[in-house]
Amino acid sequence: MQGIDQVDDIGEQIISEVIQRVQSNFTKFEKFMNKQKNQKVILLCGNTGAGKSSLYNWILGADFKIIEKDGVGYLQPIPTNDEMYISKMGTNSTSVTQTFIYEYIQELDHVLVDLPGFESTINDYHKLFIDLLFHKITTTFQTKVIYVLDSPQKELQNRGKDFIQFINQQFGLDQKNIPKIVLIINKYSEDGTDNEQIQRVKEQLNERVEFQGGMLQNIFIVHKIKNFEMIQQVFSVQARQNIIQGFQKSEIINLQNKYAAKLSNGDIVNNYLLQKSTYYFKDLKDKYIQIKQLIDNNQKFLTVPNKQQESDTSSNIPQTIEGLNQLYTCMIYKKKSDISDSYDFQNFKKIYDYFLPYQDNLSSYFCMNNLESGEITRFNSVLDYLQQNKNSTNSLTDINDDSINKQVQQINTTENQTSKWIDLVGNVAMIIVVVFKKVYWFYQVKQEK
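Going by the working numbering, 510 is the number at position 364 of the sequence shown; the sequence numbering is gapless.
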């Protein structure tokens, strides 16, 4: 059997680092938000190079200049005061924003957030970080979502593929919220009025099933800046005011868990959870085989638990694994299992619980539920086998149920205390085990010291 320390160590390390990074970034953001009277957020989203950072700096109030590199001109922000913290800007295809930056904009009366690009150029796991951060912010605070799309021509590039992918990944079938997204067509280079282009965009998007619940309520056009003179034209005071007013009028997004986001690079999460849970279920199967062999050898058991109820959709896989491990270990070795003290198992529980809100879009949870159901059936079958072989059972002194129940009520069956030994009377002890949120107990004769 493959050792637990050999099971997808790289995947576990990456996932743990992503979770830690999300928690660290969000904790800082939460502290910042708690200082604000108006705890509303505007998220600037989009792919790498779409121009989110330039728009963030513009709305922040920065000035701009054009610098040349290899014969190509690039916009660079200029802070207008010493306290202004601008978002760094890269070239068209290079991501500079590796984490999100934010500031309260008094004119907006919102906290404006520049989120790193969903299609990150850093690595695939950075995408997972962005997905989790997006979901954490939008489900914690009142949030408006602005999507910035680099689209210089009249026809949307790839029929707006990047924008559609963003909708499907972050909103799924939640058609009530999709019309609330604000779309900014950035770096537009064609002639004609903004209203004409907005109408063309609506006509192109209207063909998509994602907009059956309603068309986008707010679309803005920001033209490509080709020279210094165009800075004052495109980033004019009036244009900035129009954008700010549009953001203010847009509606709050109300994401719900039933429309859980599809995670970028979710395969690494699926692979880790499946490999780790399969290891633990294989260990339970080995213990099942061991008990059957003991029964066949007429081994007498001092402890015999009750049958376990079948699994359901609300069951907790790590709790079931831990509970069954306790029951098996008490029967075989007449002692408490040490699985709850294992760092690897605690990390497995942490990762399992963290991604539980995304279970509808992670196939590993469905597979684990099936494995769990099979293991419960296997455990109950060995108890039936034991009853058929009565030579292996051994009766114990009756214990007053009232005294047991009083002690059970004092047990805190939280995540950190799913099993606990209680001294009863004489040379008898009892172990409390939680499986499927139900409390089970059985007895063991204590060894004399």
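For every residue, glycine included, the Cβ atom is placed at its ideal position computed from N, Cα and C. Values in this document were obtained by computation on a predicted structure and should not be read as measured data.
How is the alpha helix (DSSP H) around residue i delimited, first residue to last?
i           : result
residue 251 : No alpha helix (DSSP H) contains residue 251, which is instead part of the beta strand (DSSP E) from 247-251.
residue 531 : 509-534
residue 491 : 489-500
residue 169 : 155-180
residue 304 : It is not in any alpha helix (DSSP H) - residue 304 carries neither H nor E in the DSSP assignment.
residue 469 : 463-479
Expressed to the nearest angstrom, what Euclidean distance is found between the alpha-carbon atoms of residue i and residue j?
i           : j           : result
residue 250 : residue 258 : 6 Å
residue 208 : residue 374 : 15 Å
residue 385 : residue 331 : 14 Å
residue 289 : residue 328 : 12 Å
residue 302 : residue 345 : 12 Å
residue 508 : residue 416 : 6 Å
residue 358 : residue 195 : 29 Å
residue 314 : residue 356 : 8 Å
residue 231 : residue 362 : 31 Å
residue 521 : residue 159 : 28 Å
residue 222 : residue 216 : 15 Å
residue 298 : residue 371 : 11 Å
residue 325 : residue 351 : 11 Å
residue 439 : residue 429 : 15 Å
residue 174 : residue 532 : 56 Å
residue 482 : residue 497 : 25 Å
residue 379 : residue 408 : 40 Å
residue 210 : residue 377 : 7 Å
residue 354 : residue 435 : 55 Å
residue 524 : residue 431 : 8 Å
residue 260 : residue 271 : 19 Å
residue 199 : residue 263 : 10 Å
residue 309 : residue 300 : 16 Å
residue 411 : residue 494 : 18 Å
residue 557 : residue 535 : Because residue 557 sits at a pLDDT of 42, beneath the cut-off of 50, its placement in the model cannot be relied upon, and the point is left open.
residue 176 : residue 485 : 35 Å
residue 343 : residue 360 : 19 Å
residue 220 : residue 202 : 16 Å
residue 213 : residue 321 : 43 Å
residue 528 : residue 433 : 10 Å
residue 204 : residue 178 : 22 Å
residue 387 : residue 188 : 16 Å
residue 427 : residue 156 : 21 Å
residue 269 : residue 425 : 29 Å
residue 514 : residue 312 : 28 Å
residue 383 : residue 389 : 10 Å
residue 393 : residue 469 : 51 Å
residue 171 : residue 464 : 27 Å
residue 445 : residue 467 : 25 Å
residue 306 : residue 193 : 12 Å
Provide the residue(s) that pair with residue i in DSSP beta bridges, ordered along the chain.
i           : result
residue 258 : 188 and 249
residue 219 : 214
residue 332 : 296 and 368
residue 224 : 209
Going by DSSP, what residue range makes up the beta strand (DSSP E) through residue i?
i           : result
residue 294 : 288-296
Taking 6 Å as the cut-off, does the CB of residue i come closer than this to any heavy atom belonging to the ligand ATP?
i           : result
residue 336 : The ligand ATP is absent from the structure shown, which contains no ligand whatsoever.
For chain D, find out if any of its Cβ atoms is closer than 7 Å to the Cβ of residue i; answer yes or no.
i           : result
residue 226 : You won't find chain D in this structure, because it holds only one protein chain.
- Item | Entirely enclosed beta strand (DSSP E) segments - the region 347-412, minimum 3 residues | 364-369
- Segment contact flag, the region 324-343 with the region 212-227, C-beta cutoff 8 Å, min 3 pairs: no
- Item | Contained alpha helix (DSSP H) runs [length at least 4] in the region 407-445, N- to C-terminal order | 412-442
- Message: With a threshold of 8 Å, are at least 3 pairs of Cβ atoms found where one atom belongs to the region 486-494 and the other to the region 379-399?
- Response: no
- Item | Contact between the region 496-514 and the region 409-429 (3+ Cβ pairs under 8 Å) | The region 496-514 makes contact with the region 409-429, as at least three CB pairs between them are under 8 Å.
- Task: Taking 8 Å as the threshold, find out whether the region 448-455 comes into contact with the region 477-484 through three or more Cβ pairs.
- Result: yes
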